[in-house]
Amino acid sequence: MDEDRAESTVPSCVSLKSDWSKGVIVTFRSSEKIERGEHILSNWDQSAPPGESSCSQSGSRSGDAEMKPKQRSDLQEVIEGHKISLKRRCEHVTEGTNEAGSGTLLNTIYTELYITEGQSEEVDTQHEVRQLERTSKKNIQDTPIKCQDIFKVLSEQQRHIRVVLTNGVAGVGKTFSVQKFSLDWAEGLENQDISLVLPLSCRELNLIRDEQHSLLSLLHVFHPTLQKIRAEDLTVWKLLFIFDGLDESRFSLGFNKQQVISDVTQVSSVGVLLVNLIQGNLLPSALIWITSRPAAAYQIPPSCVDRITEVRGFTDSQKEEYFRRRFSDEDLAKRIISHIKASRSLHIMCLIPVFCWITAIVLEDMMTRDQRGELPKTLTDLYSHFLRVQIKRKKQKYGGKQRPEELTEADKELLLKLGRLAFEHLEKGNIMFYSEDLEQCGLDVSEVSVYSGVCTEIFKREIYCFVHLSIQEFLAAVYMFHCYTRKDTVVINQFLKFSKPNRFSWFTGLFTNNDPVTSLDDFLRRALMKSLESENGHLDLFVRFLHGLSLESNQRILGGLLDQRDSHPETIQKVLNNLKEENSDEISPDRSINIFHCLMEMKDQSVHQEIQEFLKSEKKSERELSEIHCSALAYLLQMSEEVLDELNLQQYNTSEEGRRRLIPAVRNCRKFVLSGSFLSKSHWEVVASAMTSNPSHLRELSLIENQSLTDAEVKLLSSAMMHPNCRLEALRLWYCNLSEISCDSLASALRSNPSHLRELDLSGNQLQDPAVKLLCSGLESLNCKLETLRLSGCSLAEISCDSLASALRSNPSHLRVLDLSGNQLQDPAVQLLCGALQDPLCKLETLRWLHSSQKPKPASLLKGQQVEQKPPAEKVLSERKWWRTMKLAKLHLSSRDGLSWSCGTRYRPEEPPTNKLFSWEERALNLSSVCLSLVALKSNLSHLRVLDLSSNTLQDSGVKRLCSGLESPNCKLERLRLVDCSLSEISCDSLASALRSNPSHLRELDLSQNQLQDPGVKLLCSGLESPNCKLERLGLWRCSLSEISCDSLASALRSNPSHLRELDLSWNQLQDSGVKLLCGFLHFPNCRLETLGLRSCILSEISCDSLASALRSNPSHLRELDLRFNNQLQDSGVKLLSDLVENPHYGLETLRQ
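Going by the UniProt record's numbering, the first residue of the sequence shown is number 1, and it counts up by one from there.
Here is the structure:
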């Protein structure tokens, strides 16, 4: 029996509920006795949600000076005696029911764990298995930290490390890390600058939570070898207190209202002593190390912690190392490793050392006997086998007449009682139980102790726990399924009772809370709904197991423990159909993913396979996705090693609910676009978690017409932006009904350190002046690095310009682009901004000022800064990702990224709906504003690069004044747009003079929709011919031109060299004769034209022939040719050109006709 016990190996770094006592499945183990004067060192770990609290800093952080101990020989003997005692307790891993001090040497099986600085987020809303799935992808940005180095300063920026908090899910190895750290110190290998390492288990501290102790007497109780230590010794030694398993503590930690204790002899409760140690009131030079499951770590205020680390479990290589250390048979280790890699769920779970141990026990048993059955691939499979192995080992150890594989009635009764214990306390959220809890379930302690691999007795006072939470969840599912098969309506009805009966819209009307369960599919469906109701997912794994246990194959493994009466193929198919058709409105999309996992536990691979095919498909938008498909896709995208460039929910052919289920994939994408969806708080929480996850991949977040984005949700997102993990660079909130309160939240985010945000777009929100004033308080912060701010159509007035001017003068101002289009701003507002533009600290390069149709008194533009008028989608437009598909009757392109809006323009869903803002009617620009622009252009240190005065009645006099600025040596303007400004040939003369100026920086000129006529173009061409002219883009559409203009342009463009790359002559009556003249330029060797626009120019196939001939010339640089709305081209003419597109020897790539 002892030999059999030795085979029951514990995971090398197992740290679940009881990391040091891993023996068999549901095990109760009688551990070391805890009595006065007798040392106790327990082994455990767990977790809980982060929160906020204030931490008094009196005396804290004062431990930089290392105190040297008195060199008394008796004290040195005490230290050596403590090391010997600690080594004796830490050098062995206790397995199963082995007594303390026996078992396997820790150093023999210990496998290094993956520990990182920082911690993952949303731990309070996720089942720990889901957290594991996320951390299964190693972050290449993480810096691993070795267990023995957690108190060492790793960079120059870090201050002295006094308090360390180590988080990790149950069973991930926290307690083993404590044990390894303590052993290395006791053996003189590491951290020898520490005088005493003092491990204190929170489990064991619970036993004296109602007693009063001083810190000195506490050490005497838990470390009896230190009886000779005096109070003054503690103040001069460098001490390390290790509080292991904070999540298991039953004493309160009140950081706000605790009494201050600074004397090690002062008596108080355990909780008060611990708080004062952490705060630094008591022994301020002592080091403190606390381990906890994440969900309990919130008890300690962040201000009290110098370093947070997270035990992430095993990396892939560490998993393999564990199994190789575990098995001396190299071939067996290889086979086990190979099988685990083949099952994604098993491979992910093996992040947890205790799960590696469970897997090792099962697969070793199956692979070393005549096992012809299929190896387990699902969690239910694995845990069913694990339970059988524990039963078998118990029988081999304690004897019995039956074959080890057979379950006696006594076995079944005992296991179901354990299941009842597991279930009742799982519902309550309990992981530790007392002897009275066992008695209530009819369990006898001495009888139960034989299952040492399932449940563990922690110490003499009879506190118990399951070896791992997942084992408790599995046994709970076994018990609940048994209750169903036995029609135990009392237990079932109590479990299925909903606290919020009408929460699920689809659920209402199907049945009420009091309706009896009618069938297996009905039972499982209602159990699933119960689990989805949980806010933290504590029933997720339980309900997965419940579905897995419905399969006859798993019931057979359990050897008659469960009846198989209802597991008919027809019933199972109903269960599968229910899962696939389940609607989960108002449920967190993270919860919904568990529906997909339930399918996988039932070994239905159909949805998984269909999604794999979808991901390989080249026509994804054509394939319709159901809600369950979307849950599966969200899971797979999250788990993918490849980060998605963009997740745009509108691109998926699915329902609104399907799109909502896709939201969790935001955690693994760089850009997220969400348009017009109604989301609940839980959905926004997922988005916020993506911004704070470790690592956070999200760089761009675009939310369009999301009316459910309230002030509370904006505050949530703003708080996420302040998180150190957040790397968001662009935030676009178009038409989201934002208010003044939202701007205050966003300003806080801009002030945060560090703020990575570079672009903020709030267009289409009725912010008004008070909101902008709040926003500007963030812009003025030295931490703010915002470069682009868009406030198009935000109902702004002069007061907003005053606030913005102040922000632009701030030192330093990083703002480069400011969009104020669609606001009723008049000249006084412009003057305020222009004052800021002349400030040397202002670096603004682009200003957009397109005017509103409601109060068409547009203020003037800046002089010396770039004033560019483009709608909020400018970046998308400039990248030319979608404009080719727009209807030209509504959108006119004058260049690659320049455009003008006509009245009634409509965006597609992925574009901002700007039709409400712009109109071509009733526009006017006061000449005083043009003069201000002139001042800016002439100013020294003028940063202005883009100026857009479109749709203003500048007239020729205004342009003449403007051109005097263009001719200034200080002017660096590169883009000038004067679309629809009531200009004539006189303006062309002024502009030609500017183009001839030395030097001319102008690269783009758009004069479209002005009645320039042929004489005007002829005057303009005198500027184009100048060697000083470097113009690359020229827009002349709808300018009343004829073939005469074509002749003038061809002549001018033959000048040497010609820099022009884009020319748009659309909507002019050029006719075939004009195109023929133009082609004379295309033949010319110096021609570098790449894009030519000839829409609606009254052309026929003759023009096609002329163009084809020109394009065959060598060289021909033309890449894009637009001939749309010319109805007389004929197929034969178009074919001449389309053949050139197909022929790789010619440069033409795009033909629009």
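We treat Cβ as the ideally placed atom computed from N, Cα and C, and that holds for glycine.
Leaving out the 5 sequence neighbours to the left and right, which residues in its chain are closer than 6 angstroms to residue i when beta-carbon positions are compared?
i: W1037; result: S1008, D1064, S1066, W1067
i: V979; result: S900, S950, D1006, S1008, Q1009
i: I242; result: V178, P199, W289
i: L216; result: A231, V264, T265
i: R544; result: H597, C598, E601
i: T1150; result: E1120
i: E320; result: I337
i: S997; result: E967
i: residue 1156; result: Outside the displayed span of the chain (1 to 1153) sits residue 1156, for which this structure offers no information.
Report buried or exposed for residue i, applying the criterion of at least 16 other Cβ atoms within 10 angstroms of its Cβ.
i: A712; result: exposed
i: S763; result: buried
i: N668; result: buried
i: S742; result: buried
i: S675; result: buried
i: H213; result: buried
i: K681; result: exposed
i: Q153; result: A small correction: the amino acid at residue 153 is Val; Gln does not occupy that position in the sequence shown. Under this definition V153 is an exposed residue.
i: D381; result: buried
i: R159; result: exposed
Under the three-state reduction of DSSP, which class applies to residue i: helix, strand or coil?
i: C963; result: helix
i: L1089; result: coil
i: W237; result: coil
i: D761; result: strand
i: H92; result: strand
i: K870; result: Below a pLDDT of 50, predicted positions are generally treated as unreliable, and K870, at 36, falls in that range; no measurement from the model is reported.
i: R1152; result: strand
i: residue 1163; result: The structure shown does not extend to residue 1163, since the chain is modelled only from 1 to 1153, so the question has no answer here.
i: C1079; result: helix
i: M602; result: coil
i: M722; result: coil
i: N1143; result: coil
i: G429; result: coil
i: D948; result: strand
i: A1110; result: helix
i: L415; result: helix
i: L465; result: With the sequence shown as reference, residue 465 is identified as Cys, and Leu is not the correct amino acid for it. Three-state DSSP puts C465 in a strand.
i: S1096; result: coil
i: Y434; result: strand
i: D1122; result: strand
i: D1072; result: helix
i: V153; result: coil
Could you name the residues of the same chain whose beta carbon sits closer than 7 angstroms to that of residue i, not counting the 5 residues immediately before and after it, in chain order?
i: P1015; result: E985
i: T692; result: E121, A720, H723, N725, C726
i: L1020; result: C988, L991, A992
i: A632; result: F596, V607, H608, I611
i: V163; result: I278, I288, C304, V305, D306
Please work out which residues of its chain come closer than 8 angstroms, Cβ to Cβ, to residue i, disregarding the five sequence neighbours upstream and downstream, and give them in chain order.
i: E729; result: R699, E700, H756, L757, R758, E759
i: R809; result: A836, D839, L841, C842
Inset, instruction - Answer yes if the region 326-341 comes into contact with the region 190-210, meaning at least three C-beta pairs across the two stretches below 8 angstroms, and no otherwise. - result: no
Inset, instruction - Could you tell me which uninterrupted beta strand (DSSP E) segments, each at least 3 residues in length, are contained entirely in the region 634-692, listed from first to last along the chain? - result: 644-648, 669-675
Legend entry - Whole runs of the beta strand (DSSP E) within the UniProt domain "NACHT" (162-296), excluding any shorter than 3 residues: 163-167, 196-201, 239-244, 287-292
Inset, instruction - Decide yes or no for the touch test of the region 605-613 against the region 544-563: beta carbon pairs closer than 8 angstroms, at least 3 of them. - result: no
Legend entry - Segment contact flag, the region 814-828 with the region 773-793, C-beta cutoff 8 angstroms, min 3 pairs: yes
Inset, instruction - Pair every Cβ in the region 239-256 with every Cβ in the region 273-287, then say whether three or more of these pairs are closer than 8 angstroms. - result: yes
Legend entry - Three-pair Cβ contact test at 8 angstroms for the region 1106-1116 versus the region 1044-1061: Result no; under three Cβ-Cβ pairs closer than 8 angstroms.
Inset, instruction - For the region 614-626 and the region 555-563, state whether three or more C-beta atom pairs, one from each stretch, are separated by less than 8 angstroms. - result: These segments do not touch.
Inset, instruction - Answer yes if the region 831-842 comes into contact with the region 779-788, meaning at least three C-beta pairs across the two stretches below 8 angstroms, and no otherwise. - result: no
Inset, instruction - With a floor of 4 residues, list each alpha helix (DSSP H) that falls wholly inside the region 321-404, ordered by position along the chain. - result: 330-342, 344-349, 353-367, 379-398
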